[in-house]
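Trainee: For what it's worth, my numbering labels the leading residue of the sequence shown as 11, then goes sequentially. Backbone N, C-alpha and C fix where the C-beta goes; we use that ideal spot for every residue, glycine too. Owing to the predicted nature of the structure, the values given are computational and were not obtained by experimental measurement.
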Amino acid sequence: MRRPDELPFERYNLPNNERHILGLYFSRNCIDWCFAGVVARGETPQQARHYASMVVVGEDLLVLARSGDARAHSAHDGNLITLHKVRSFRHLVYT
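1) CA-CA distance, I31 and A85?
2) Is DSSP giving R76 helix, strand or coil here?
3) How about T92 and A75: do their beta carbons lie closer than 8 Å?
4) If contact is defined by three or more beta carbon pairs under 8 Å, each pair taking one atom from either stretch, is the segment 60 to 77 in contact with the segment 96 to 104?
5) Could you please give the first and the last residue of the uninterrupted beta strand (DSSP E) stretch that includes S37?
6) Between which two residues does the beta strand (DSSP E) harbouring S98 extend?
7) Can you have a look at A80 and say buried or exposed, based on whether 16 or more other CB atoms are within 10 angstroms of its CB?
8) Hey, how far is the Cα of H60 from the Cα of A82?
9) Compare the Cα-Cα distances from V48 to each of Y35, Q57, I41, N39 and report the closest residue.
What follows is the structure, encoded as structure tokens:
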């Protein structure tokens with residue numbers, strides 16, 4: 011998070027409104043969550059990656075995300091659907 015007065019215009023002065031990074035987290039107890047990695051990242055705050063749907067295929071995790079590129083109206087109003095693959099995602103879990 012950053013100070014609201016240092017945020018780009020596309021973030022609407024909301025420090026928690028970061029839609030251009032799609033992160034992957036895991037939990038062993040559904041209470042405590044740990045960061046496992048970044049699934050996808052847009053080049054600018056307007057190039058969002060969010061509202062993900064996932065499916066496990068063998069050892070991999072496929073992630074479908076509502077996304078946007080430079081032509082998107084806003085970070086919320088994406089113009090793409092993108093597919094991402096996290097290979098051997100179970101190996102990202104640590105203790």
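Mentor: Let me lay it out:
1) 11 Å
2) strand
3) yes
4) yes
5) 31 to 37
6) S98 -> no beta strand (DSSP E), and no H or E assigned at all.
7) Under this definition A80 is an exposed residue.
8) Between H60 and A82, the C-alpha separation is close to 13 Å.
9) Y35
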